[in-house]
Amino acid sequence: MDITHLLEKSMQNHDHLCPRQILGVRIGLAGMKTLGFSEPSAKKQLLVISETDGCFVDGVIAGTGCSVGHRTLRVEDYGKVAATIVDTKTGRAVRVAPRLDIRQQACAYVPDEPRHYFAQMQAYQIMPDEDMLMVQEVALKTHIEQIVSRPGLRVNCDVCGEEIMNEREVRQHGLTLCYTCAHGGYYQSAQDSILHLPQVATL
Ligand SMILES: [Zn+2]
Ligand SMILES: [Zn+2]
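Structure below.
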């Protein structure tokens, strides 16, 4: 398997090549292969859930053709180099992660490279899947229809008035709400947070 062209694609987004991008490409390809997709993928049919952002996900994008922009890639940021690849037609999902001993395996593949980083760079391009990856069939806890949702739908929040797309609204007490108005969001008004700062300094 020659993944050079995929690594080049990944590097275009990234300015450099690094072991995590290579892992991203390999993990994406291994997941697709397990689901019966060959490259280039039927990418609209796939959904990738990456467990971290950064270098790894650029490799996953290059390997699978899936992306956030196409709504075929999600990041669940657990800080882990791993991804689940889902066939959205059948619902079949496989999680692919590096084997726990992958770094030792890599050094064994390139014994004359003492620098671990460069040994990994070389080895991750040539090692067979079974020596570097664990592939596990998984079941998603949320229905795939709910994750993907239906694009193009729009409603307005009854509290803040802002538009909500893709069925992300929350129905509560007969109201249609955005996530922030229903559950509180990831931010608060900066005005509020200033009021919550300790006042000691001004006393
Ligand atoms: Zn990198
Ligand atoms: Zn709202």
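Under the working numbering, the first residue of the sequence shown carries the number 177, and numbering increases by one thereafter. Ideal Cβ placement from N, Cα and C applies to all residues, glycine included.
Coil, strand or helix - residue i by DSSP
i, result
"LEU193", "coil"
"THR156", "For the chain, the structure presents residues 177 to 379; residue 156 sits outside this window and is missing."
"MET187", "helix"
"VAL262", "strand"
"ALA282", "helix"
"ALA269", "strand"
"LEU379", "Residue confidence for LEU379 is low, a pLDDT of 48 falling below 50, so the modelled location carries little weight; the figure read from the coordinates is stated next. If DSSP states are grouped into helix, strand and coil, LEU379 belongs with coil."
"VAL201", "helix"
"VAL335", "coil"
"VAL251", "strand"
"VAL233", "helix"
Enclosing alpha helix (DSSP H) for residue i [first to last residue]
i, result
"GLN364", "It is not in any alpha helix (DSSP H) - GLN364 carries neither H nor E in the DSSP assignment."
"ALA295", "292-302"
"GLN142", "The shown model of the chain, from 177 to 379, leaves out residue 142, and the question about it has no answer."
"GLU306", "305-308"
Enclosing beta strand (DSSP E) for residue i [first to last residue]
i, result
"THR228", "From DSSP, THR228 is part of no beta strand (DSSP E); its letter is neither H nor E."
"LEU353", "351-353"
"GLN348", "346-348"
Contact under 7 Å by Cβ, residue i with residue j
i, j, result
"GLY207", "VAL270", "yes"
"THR352", "GLU343", "no"
"VAL272", "VAL335", "no"
"ALA282", "GLU289", "no"
"VAL257", "PHE232", "yes"
"GLN383", "THR264", "Shown here, the chain extends from 177 to 379; a query on residue 383 therefore has no answer."
"GLN298", "VAL286", "yes"
"GLY245", "ILE320", "no"
(message) With three or more beta-carbon pairs closer than 8 Å as the criterion, would you say the segment 191-199 touches the segment 234-246?
(response) yes
(message) For the pair the segment 182-194 and the segment 248-257, tell me if three or more CB-CB distances fall below 8 Å.
(response) no
(message) Any residue with its Cβ nearer than 5 Å to a heavy atom of ligand 2 should be included. What is that list in chain order?
(response) CYS333, VAL335, CYS336, CYS354, CYS357
(request) Closer than 5 Å is what we want: which residues have a beta carbon that near any heavy atom of ligand 1? List them in chain order. (result) CYS194, CYS231
(message) Check whether the segment 324-340 and the segment 292-311 touch, using three or more Cβ-Cβ pairs below 8 Å as the test.
(response) no
(request) Would you be able to state if there are at least three C-beta pairs under 8 Å between the segment 274-284 and the segment 218-234? (result) no
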